[in-house]
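> In order, the protein sequence lines correspond to chains A and B.
Start counting the first sequence at 47; every next residue gets the next number (the numbering used here).
Start counting the second sequence at 47; every next residue gets the next number (the numbering used here).
Quick reminder that beta carbons are idealized off the backbone N, C-alpha and C, glycines included.
Protein chains: 2
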Amino acid sequence: MAANNPIAGLNKIFDNRIRLGVMSILMVNDAISFNDLKQMLEVTDGNLATHLQTLEEENFLKVHKGFVGRKTNTTYSVTRAGEKAFNEHIAALEKIIKGIK
Amino acid sequence: MAANNPIAGLNKIFDNRIRLGVMSILMVNDAISFNDLKQMLEVTDGNLATHLQTLEEENFLKVHKGFVGRKTNTTYSVTRAGEKAFNEHIAALEKIIKGIK
DNA sequence: TTGATTTACTTTGTAATTCAAAGTGCTTTT
DNA sequence: AAAAGCACTTTGAATTACAAAGTAAATCAA
């Protein structure tokens, strides 16, 4: 194994830009709604929903189905595992970036 | 358009980890051979070849088919356009990372 | 000199991924 | 009552990614 392999520490889940975006938003904002994410990332709802599902299946985020009055209000936040995995991914990215400069 | 869209500045070409790895290596090393890249990134040659082709078609890198003695020695290096595009991608990544911390 | 190996690929075929669009069910607004 | 919004799911098509096998020219090993 090449010890200097720059991409070895990257997480495949975060190769996708939308999932990377979702995570980066949720790392600094607690409990963001589906609609907010959709607007922030400028994606279709079907597309966003599938990526959120992927992230949820990986246990990287959790869903809170709540209500505002009688209207459903779904929010998302990162799990401990998601935080850990994302930080590791970011660390790998930083290593790549540092290698360049 | 959401002005705070964190993923807007990312380049689709560099979403792929192998292409990201190739570029990050070539940004700091001039004239790296096919075999060196293959070993550094731990990929199959078919896989590497197609990603190099993609990068070449985008005009992000150029190929030098040279010789060591009478043996072929192909090396790769980034183009000006590749350098620019990659730096922009890295800048977008850094912005995402900075947003997190 | 014959056979194995290396380099730098290309070709092939499959599997996975990504995405938009349309549909669903519930609620709210008009 | 009708239209629109929210939070999805389903569908299907297109793109992408990948390993494995094949190729051609050269080198090295016996």
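Take B:Val114 as the anchor and find which of B:Ala137, B:Met86, B:Ser79, B:Gln99 has the nearest alpha-carbon.
Along the second sequence, one-based indexing puts residue 114 of chain B at 68. Checking every option, the nearest Cα to that of B:Val114 belongs to B:Ser79.
> Shorter than 7 Å from the beta carbon of A:Asn51 to some beta carbon of chain B?
On the first sequence, residue 51 of chain A is found 5 positions in, with the first residue counted as 1. With 7 Å as the cut-off, A:Asn51 counts as an interface residue toward chain B.
> Nearest chain B C-beta to A:Ser70 closer than 7 Å, yes or no?
For this step, residue 70 of chain A is matched to residue 24 along the first sequence. Yes - at least one Cβ of chain B is within 7 Å of the one on A:Ser70.
> Quick check on DSSP: helix, strand or coil for B:Leu56?
The sequence position of residue 56 of chain B within the second sequence is 10, counting from 1. It is coil, neither helix nor strand.
> Using the Cα positions of B:Met47 and A:Arg126, report the straight-line distance between them to the nearest angstrom.
What you label residue 47 of chain B is simply residue 1 of the second sequence in a count that begins at 1. What you label residue 126 of chain A is simply residue 80 of the first sequence in a count that begins at 1. Model confidence at B:Met47 stands at a pLDDT of 48, short of 50, so the residue's coordinates are unreliable; what they give is reported in the following sentence. Computed Cα separation, rounded: 32 Å.
> Within 10 angstroms of its Cβ, does A:Val74 collect 16 or more other Cβ (buried), or is it exposed?
One-based indexing of the first sequence puts residue 74 of chain A at position 28. Exposed, by the Cβ-count rule.
> When you compare each of B:Asn51, B:Thr121, B:His135, B:Pro52 to B:Leu98 by their alpha carbons, which one comes out closest?
Numbered from 1 along the second sequence, position 52 holds the residue referred to as residue 98 of chain B. Comparing Cα positions, the closest option is B:Thr121.
> Evaluate B:Arg65 with the Cβ neighbour count: other Cβ atoms within 10 Å of its Cβ, from every protein chain shown; 16 or more gives buried, anything less gives exposed.
For the purposes of this step, residue 65 of chain B is taken as residue 19 along the second sequence, with counting starting at 1. With 16 or more other Cβ atoms within 10 Å, it is buried.
> From A:Ala77, A:Gly55, A:Ile59, A:Ser70, pick the residue whose C-alpha is nearest to that of A:Asn119; which is it?
To locate residue 119 of chain A, count along the first sequence from 1; it is residue 73. For A:Asn119, the nearest C-alpha among the options comes from A:Ala77.
> Counting only Cβ pairs nearer than 8 Å, list the residues of chain A close to B:Asp227.
In this structure chain B extends from 47 to 147, so residue 227 of chain B is not present and cannot be described.
> I'd like the list of long-range same chain contacts for B:Val89, defined as Cβ closer than 7 Å, with 5 residues on each side in sequence excluded.
For the purposes of this step, residue 89 of chain B is taken as the residue at position 43 of the second sequence. For B:Val89, where only same-chain residues beyond five positions count, the Cβ hits under 7 Å are Ile64.
> Count the other CB atoms, across all protein chains shown, that sit within 10 Å of the CB of B:Gly145; report buried if there are 16 or more and exposed otherwise.
What you label residue 145 of chain B is simply residue 99 of the second sequence in a count that begins at 1. Counting Cβ neighbours within 10 Å, B:Gly145 comes out exposed, since fewer than 16 surround it.
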